[in-house]
Amino acid sequence: MSQRIRAAPSLRDRSALLGNTPPASGRSSPFGGSIYHPGGGQQHHHQNEHRYADDLEGQNDEALDGLSAKVKLLKDITIGIGNEVRESTIQLSQMNDIYAETGGILQGTMRRMNNMASRQGCRWLWYIVFLVIVFWFFMVVWWFRR
1080 MSQRIRAAPS LRDRSALLGN TPPASGRSSP FGGSIYHPGG GQQHHHQNEH RYADDLEGQN
1140 DEALDGLSAK VKLLKDITIG IGNEVRESTI QLSQMNDIYA ETGGILQGTM RRMNNMASRQ
1200 GCRWLWYIVF LVIVFWFFMV VWWFRR
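So the sequence shown is numbered by the working numbering: it starts at 1080 and just counts up by one.
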């Protein structure tokens, strides 16, 4: 997954970048010895430095793989959010068109109702009052019977 750039051997030498390697802690160490068996010595020092550098490089690769996976996950989430926003925008636009159409229908209905009311006089008002009283009566009966 990660691509390394091949550099000159002087750039690959981690001891120049990291300075002295840490002292042995008694546990398994990439330096070839421990405080109980200090047999690491100087003959393996050069080999151990490369082993330590390779261990660090492996840890860096693992961290890079983990970060790459997190970046891919964030990218997928961002793409999903973008798709959801696009779909929501389309739905809102369609709803806006539907509400505008419904408003036009209601305006036409109110206009026709006003025309009818002006032709019939006040009789339609009494019909509406009667319907409201009947509806209110049924609501009160339903409320107390619950």
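We treat Cβ as the ideally placed atom computed from N, Cα and C, and that holds for glycine. Quick caveat, the model's predicted, so the values are computed rather than measured.
CA-to-CA, the gap between Asn1139 and Ile1177 works out to about 57 Å.
The three-state secondary structure of Arg1225, taken from DSSP, is coil. Between the beta-carbon of Trp1203 and that of Met1195 there is about 7 Å, and that keeps the pair under the 8 Å contact cut. Within the same chain, no residue comes within 7 Å of Asn1193 by CB-CB distance, once the 5 residues on both sides are set aside. If only complete runs of 3 or more residues are kept, the stretch 1123 to 1175 shows no beta strand (DSSP E) anywhere.
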